[in-house]
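With mature numbering (1 follows the signal peptide of the UniProt record, and there is no 0) as the guide, the letters of the sequence shown map in order to residues -30 to -1, 1 to 43. Take a look at the structure below.
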Amino acid sequence: MPHPWRHSRPGWMRLWASLLQRFQSTLVIAEHNNETLTPITLNAVTAAKRLGGEVSCLVAGTSCDKVGNPGFV
């Protein structure tokens, strides 16, 4: 038995729409000096916001509490 969406254009479009919705988020990996974000990270966050969808920013490292405060961007 073939897949139900294989021969059905509306089914195929629904599948693609659900896949595209899943990928409407962006993860930015932050570059920082333990106090502030680098300008390139801020540029990446700005570009991600322009794409639309959810934007997450990963701040990793030791002694980077100042950088990781919510609302820093």
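Glycine residues also receive a C-beta, built at the ideal position from the N, C-alpha and C atoms.
> From ASN39 to ILE10, what does the alpha carbon distance come to, in whole angstroms?
Replying inline: Within the sequence shown, the letter at position 69 stands for residue 39. Within the sequence shown, the letter at position 40 stands for residue 10. Using only the alpha carbons, I get a separation of about 18 Å.
> To the nearest whole angstrom, what separates the beta carbons of VAL(-3) and ALA18, a pair I think is in contact under 8 Å?
Replying inline: On the sequence shown, residue -3 is found 28 positions in, with the first residue counted as 1. On the sequence shown, residue 18 is found 48 positions in, with the first residue counted as 1. Rounded, the Cβ-Cβ distance is 6 Å, consistent with contact.
> Thinking just about the alpha-carbon of each residue, which of ARG20, VAL15, LEU21, GLY23 is nearest to the one in VAL29?
Replying inline: Taking the sequence shown and counting its residues from 1, the one referred to as residue 29 is at position 59. Of ARG20, VAL15, LEU21, GLY23, the residue nearest in Cα terms is VAL15.
>> Give me the residue from THR(-5), SER(-13), TRP(-19), MET(-18) with the minimum Cα distance to GLY23.
In response: Residue 23 sits at position 53 when you count from the first residue of the sequence shown. Checked all of THR(-5), SER(-13), TRP(-19), MET(-18); the closest Cα to GLY23 is THR(-5).
> Quick one: what does DSSP say SER33 is sitting in, helix, strand or coil?
Replying inline: Residue numbering aside, residue 33 sits at position 63 when the sequence shown is read from its first letter. Coil, per DSSP.
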